[in-house]
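Asks:
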Amino acid sequence: MKINLFIFSFLLGFFSCESGIQPVNPDASKEAKELLKFIYSLKGDNILSGQHNYPGTLSESTDEVYEITGKYPAVWGQDFGFTPDGQDGIIYRERNMQEAIKKHREGYIITLMWHAVRPTDDEPNGWKESVQNDLTDAEWEALVTHGTPLHNRWLQQLDVVAGHLKVLRDNKVPVLWRPYHEMNGGWFWWGKKEGKNGYQLLWRNMYDYFTNHHKLNNLIWVWNANELRGENVTSYADYFPGPDVVDILATDVYTGNYDQRNYNMLLELAQTKPIAIGECGPLPSPEILGGQPEWTWFMCWAKRIKKDNTTDEILEVYEYKNVLNLQDLKQVK
Numbered sequence: 013m014k015i016n017l018f019i020f021s022f023l024l025g026f027f028s029c030e031s032g033i034q035p036v037n038p039d040a041s042k043e044a045k046e047l048l049k050f051i052y053s054l055k056g057d058n059i060l061s062g063q064h065n066y067p068g069t070l071s072e073s074t075d076e077v078y079e080i081t082g083k084y085p086a087v088w089g090q091d092f093g094f095t096p097d098g099q100d101g102i103i104y105r106e107r108n109m110q111e112a113i114k115k116h117r118e119g120y121i122i123t124l125m126w127h128a129v130r131p132t133d134d135e136p137n138g139w140k141e142s143v144q145n146d147l148t149d150a151e152w153e154a155l156v157t158h159g160t161p162l163h164n165r166w167l168q169q170l171d172v173v174a175g176h177l178k179v180l181r182d183n184k185v186p187v188l189w190r191p192y193h194e195m196n197g198g199w200f201w202w203g204k205k206e207g208k209n210g211y212q213l214l215w216r217n218m219y220d221y222f223t224n225h226h227k228l229n230n231l232i233w234v235w236n237a238n239e240l241r242g243e244n245v246t247s248y249a250d251y252f253p254g255p256d257v258v259d260i261l262a263t264d265v266y267t268g269n270y271d272q273r274n275y276n277m278l279l280e281l282a283q284t285k286p287i288a289i290g291e292c293g294p295l296p297s298p299e300i301l302g303g304q305p306e307w308t309w310f311m312c313w314a315k316r317i318k319k320d321n322t323t324d325e326i327l328e329v330y331e332y333k334n335v336l337n338l339q340d341l342k343q344v345k
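Count along the sequence shown from 1, add 12, and you get the number used in my numbering.
(1) Between Lys315, Gln304, Lys319 and Asn244, which has its C-alpha nearest Val335's C-alpha?
(2) When DSSP labels each residue in this structure, what does Thr95 get in the three-state scheme?
(3) Once you ignore the five residues that flank Glu151 on each side, which residues in its own chain have a CB closer than 7 Å to its CB?
(4) Helix, strand or coil, according to DSSP, for Lys333 in the structure here?
(5) Let me check understanding here. Comparing Cα to Cα, which of Gln283, Leu278, Pro298 and Leu167 lies closest to Gly290?
(6) Which runs of the alpha helix (DSSP H) fall wholly inside the region 173-214 and span at least 4 residues, in chain order?
(7) Is it buried or exposed, Gly32, if we count other Cβ atoms within 10 angstroms and call 16 or more buried?
(8) Between Leu167 and Pro298, what straight-line distance do the alpha-carbon atoms span, to the nearest angstrom?
(9) Using DSSP bridges, identify the partner residues of Met125.
(10) Enumerate in chain order the residues of its own chain whose CB-to-CB distance from Leu327 is below 8 Å, with the five nearest sequence positions on each side excluded.
(11) Going by the CB atoms, is the gap between Asn196 and Tyr248 shorter than 8 Å?
(12) Am I right that Ala112 and Ile122 are in contact with their C-beta atoms under 8 Å? What's the rounded C-beta distance?
(13) Using CA atoms only, rank isn't needed, just tell me which of Thr95, Thr148, Ala154 and Val156 is closest to Glu135.
(14) Tell me the DSSP secondary structure of Gly56 in three-state form.
(15) Could you check the C-alpha separation between Phe222 and Lys45 for me, to the nearest Å?
Written as structure tokens, this is what we have:
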């Protein structure tokens, strides 16, 4: 059932004690610690509703959910983008950081991601031309090797995004940070790079640079794969960088199947860490949520809420007793 003020207050008081639940970053901010502890408190009982928005559309998709349901989702999602302008424009980054601050103050939980261009390319750039292009084996080796020109170029790319994340840090906004997602698929330049010298090393390098160099202590690190699909999208474990650099594990589900095997495999890899539906088209039905109670949030992709779901299906999910929307979070603050 939905969490009430008394239960929430009790949980926060309990988790404020030495409960063993700590972010992987030992210097995580107070706000990041509180957010992660709240996510842990949802496991097996409640799930947060969430909605992604395109960079150029600010909060349009979040507002669309309200128009349909009369409720705002609890999780507000955005992307750093990659094109010059339009829906994926990088010109909106500063504006969206201010929107994230505003949304945080309104009670939303913030999650951010980044469709990064290849480190061999300059920003802005194109979808097929860069984000969904590839790196040669030699380029990949140079990318993950400290001191190479390509590695240094990649660090400069990270510096740009880190500068925006610092705006949120300085305004005490904790962020569910979900970079380089769907790595077990082959459609992004960071995808299908198995093993310790593949994607795992890219993640660990980013974690080290953002945590130890940039001191982005407001980040909760969300490792986000894609649902397993036949021979093309396989294995979570081959790409998992390790429990010491991941706070939450997530997967993207666009088929609408919500296969129990995917759920079980992610849970097994997570061990005691929370799991989430990082992106989806079709929403998980109450029946699915009843059989898969460990999900801690779902986030429908931008402009997909009406495309992939009927009005009745949307209302059923947003009115489900275990789904927490924005007003439910406000009631417990």
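Beta carbons: idealized from backbone N, C-alpha and C, even for Gly.
Replies: The relevant details are as follows:
(1) Position 323 of the sequence shown, counted from the first residue, corresponds to residue 335. Cα-wise, what sits closest to Val335 is Gln304.
(2) The sequence position of residue 95 within the sequence shown is 83, counting from 1. Strand, per DSSP.
(3) The sequence position of residue 151 within the sequence shown is 139, counting from 1. Same-chain partners within the cutoff: Thr132 and Leu162.
(4) As a working note, residue 333 is residue 321 in the sequence shown. If DSSP states are grouped into helix, strand and coil, Lys333 belongs with coil.
(5) The residue labelled residue 290 in the question sits at position 278 within the sequence shown. For the residues Gln283, Leu278, Pro298 and Leu167, the minimum Cα distance to Gly290 belongs to Leu278.
(6) As summarised for the region 173-214, there are no continuous alpha helix (DSSP H) elements at least 4 residues long confined to that stretch.
(7) Within the sequence shown, the letter at position 20 stands for residue 32. The residue in question, Gly32, is exposed, as its Cβ has fewer than 16 Cβ neighbours within 10 Å.
(8) In the sequence shown, residue 167 corresponds to position 155, counting from 1. In the sequence shown, residue 298 corresponds to position 286, counting from 1. Here the alpha carbon of Leu167 sits roughly 43 Å from the alpha carbon of Pro298.
(9) Sequence index remark: in the sequence shown, residue 125 carries index 113 (1-based). According to DSSP, which records beta bridges pairwise, Met125 is partnered with Asp91.
(10) Position 315 of the sequence shown, counted from the first residue, corresponds to residue 327. Closer than 8 Å at the Cβ level, and outside the excluded window around Leu327, lie Ile80 and Thr81.
(11) As a first step, residue 248 is located in the sequence shown; it is residue number 236 there, counting from the start. As a first step, residue 196 is located in the sequence shown; it is residue number 184 there, counting from the start. Yes, these two residues count as a Cβ contact at 8 Å.
(12) Residue 112 sits at position 100 when you count from the first residue of the sequence shown. Residue 122 sits at position 110 when you count from the first residue of the sequence shown. Yes, they are in contact, since the Cβ atoms of Ala112 and Ile122 sit about 5 Å apart, within 8 Å.
(13) For the purposes of this step, residue 135 is taken as the residue at position 123 of the sequence shown. Comparing Cα positions, the closest option is Thr95.
(14) Within the sequence shown, numbered from 1, the residue matching residue 56 stands at position 44. The three-state reading of DSSP puts Gly56 in coil, since its state is none of H, G, I, E or B.
(15) Residue 222 sits at position 210 when you count from the first residue of the sequence shown. Residue 45 sits at position 33 when you count from the first residue of the sequence shown. Roughly 17 Å separates the two Cα atoms.
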